[in-house]
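Comments concern the structure below.
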Amino acid sequence: MANKVRLTAVAMSAALAAGVLLAGCASSKSGQTPSASPGASPAASAGGADNKPKYTFRLAETHPADYPTTKGDMKFAELVKQRTNGRIQIDVFPSAQLGEEKAVLEQVQLGAIEFTRVSSGPLAEFNKNFGVFSLPYIFDSDEHLWKFLESPDGTKLLDSLEASKMKGLAYYSSGARSFYSRTPLKSLEDLKGLKIRVIQNKINIDLIEALGASATPMAYGEVYGALQTGVIDAAENNYPSYYSSQHYKVAKYYITDAHQRVPEVLLISKATWDKLSEEDRQIIKQAALDSVAYQREEWAKFEKEAETKVREGGAVITEVTDLKPWQQAVKPVIEKYRADYAEVLQAIEKLR
Ligand code: GTR
């Protein structure tokens with residue numbers, strides 16, 4: 006920690022001396038300074054021939070390098086680099102190297118980490134508007150979700166992140182979340198009494214309680230160990246995360262109840278955004294939007310592949326054909342939060 010503070014102070018004075026803004030310089034989790042390209046400082050430095058500032062930024066990603074969100078991040082970084090002739094470099098740090106999502110978001114609010122790709126789940130604790138995505142069964146399908154995300158109301162939601170010291174750049178795909186357990190899961194009844202890990206936010210806790218189970222909020226990186234040792238019985242996620250995290254090896258019963266569709270969000274710290282030129286903001290925003298189609302394609306491919314892989318790996322999958330009892334069971338959650346999300350829920354409803 007002392008090391009981190011010292012490095013930060015050194016980088017700050019260097020940046021100030023150069024008369025440019027401090028763009029980012031916290032050390033990585035391992036205590037090492039981030040690997041910037043040779044000659045580039047982790048902070049902004051005085052520009053090249055055209056005198057525009059050069060930056061090296063960090064983007065925190067929880068998933069490994071071959072995961073569709075990480076591929077989206079990398080596409081985004083590549084587009085920004087191309088469009089600024091290498092002047093803005095965004096280094097993607099996968100596999101939670103910069104910390105778990107909640108801790109990363111705190112750093113992003115401070116401007117110590119400039120970019121992250123994060124789930125709307127943990128984001129809800131930082132910006133209440135994002136809690137809407139944790140409400141169960143408000144979307145019928147991915148098509149319905151994307152209609153909303155691409156609508157003016159979806160953009161408005163993304164823009165509302167400014168009040169939380171962040172600037173939303175784009176949404177990425179994340180499919181639907183379903184439950185999985187160490188114990189057989191054939192129906193709704195089988196969830197009763199289980200200890201289920203959830204993403205840390207209060208709607209998730211109400212959701213689990215409505216199902217007669219008890220919620221254990223926990224960071225993603227701790228779930229594998231907690232399932233393996235039996236600290237928790239169950240968790241929930243989409244097929245890609247179930248596969249990529251290897252949770253299917255320690256909790257092999259999966260039931261396709263699809264209770265939530267929680268989109269991913271690519272965002273930048275508002276502290277960083279505010280210091281950028283209008284030209285750089287436009288490039289960054291457009292590159293983020295232009296990376297979406299690629300991320301969605303990668304998502305669609307990997308979602309199928311992950312399902313095949315978990316089946317081959319021994320997962321026992323129960324397909325839910327009738328969602329009605331599930332929707333009925335979690336209705337109190339919607340009712341509890343309806344007033345808080347009235348406007349956005351109506352907008353979502355209209356797009357059905
Ligand atoms: C995944 C999501 C991650 C993380 C994880 C979790 O679907 O992509 O960002 O939020 O879920 O359950 O913590």
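In this text, residue positions in the sequence shown follow our numbering: the first is 6, and each later residue adds one.
Virtual Cβ for every residue (Gly too), placed ideally from N, Cα, C.
- Inclusion of Ile204 in the 7 Å shell around the ligand GTR follows from its C-beta lying nearer than that to a non-hydrogen atom of the ligand.
- Taken in chain order, the whole beta strand (DSSP E) runs of length 3 or more contained in the segment 213-240 are 219-222.
- When DSSP assignments are scanned along the segment 124-182, the uninterrupted stretches of alpha helix (DSSP H) that are 4 or more residues long and fall wholly within it turn out to be 125-128, 147-154, 157-164.
- Judged by beta-carbon spacing, Phe120 lies beyond the 8 Å limit of Ile260, meaning their Cβ atoms are not closer than that value.
- Looking from the CA of Gln265, the closest CA among Thr277, Ala101, Leu140 belongs to Leu140.
- Look at Glu310 here: in three-state DSSP terms it is helix.
- Taking 4 residues as the shortest admissible run, the segment 250-298 contains the following complete alpha helix (DSSP H) segments, listed from N- to C-terminal end: 275-280.
- The straight-line gap separating the alpha-carbon atoms of His252 and Gln233 is approximately 9 Å.
- The C-beta distance from Arg357 to Ser178 rounds to 19 Å, too long to meet the 8 Å contact threshold.
- In this structure, Ala70 is the residue among Phe62, Asn90, Ala70 with its C-alpha nearest to the C-alpha of Ser246.
- Phe98 is bridged by DSSP to Ala65.
- Put simply, the backbone Cα of Thr160 is about 12 Å away from that of Val349.
- The C-alpha of Ala305 is placed about 10 Å away from the C-alpha of Tyr299.
- Rounded to whole angstroms, the separation of the alpha carbons of Thr67 and Ala220 is 22 Å.
- Ranked by how close their Cα comes to the Cα of Ser250, the residues Ile237, Lys309, Glu214, Tyr225 have Tyr225 in first place.
- For Thr326, there is no enclosing beta strand (DSSP E), as DSSP marks it with neither H nor E.
- Note that the segment 56-66 touches the segment 103-116; at least 3 beta-carbon pairs, one per stretch, sit closer than 8 Å.
- Val335 sits in coil when the DSSP states are folded into three classes, being neither helix nor strand.
- Looking at the DSSP output, Asn242 sits in a beta bridge with Ser183.
- In this structure, Val270 sits away from Val137, with a CB-CB distance that is not shorter than 8 Å.
- In the three-state DSSP reduction, Arg202 falls in the strand class (E or B).
- Here Lys59 carries a strand assignment [DSSP, helix/strand/coil].
- Taken from the Cβ of Ser219, every heavy atom of the ligand GTR lies 7 Å or farther away.
- Each residue's CA atom was taken as its position, placing Val335 and Asn209 some 11 Å apart.
- With contact defined as three or more Cβ pairs closer than 8 Å, the segment 278-295 and the segment 185-192 are not in contact.
- Counted as a single uninterrupted DSSP element, the stretch harbouring Arg92 is not any alpha helix (DSSP H), since DSSP gives it neither H nor E.
- Distances between the C-beta of Pro127 and the heavy atoms of the ligand GTR include at least one below 7 Å.
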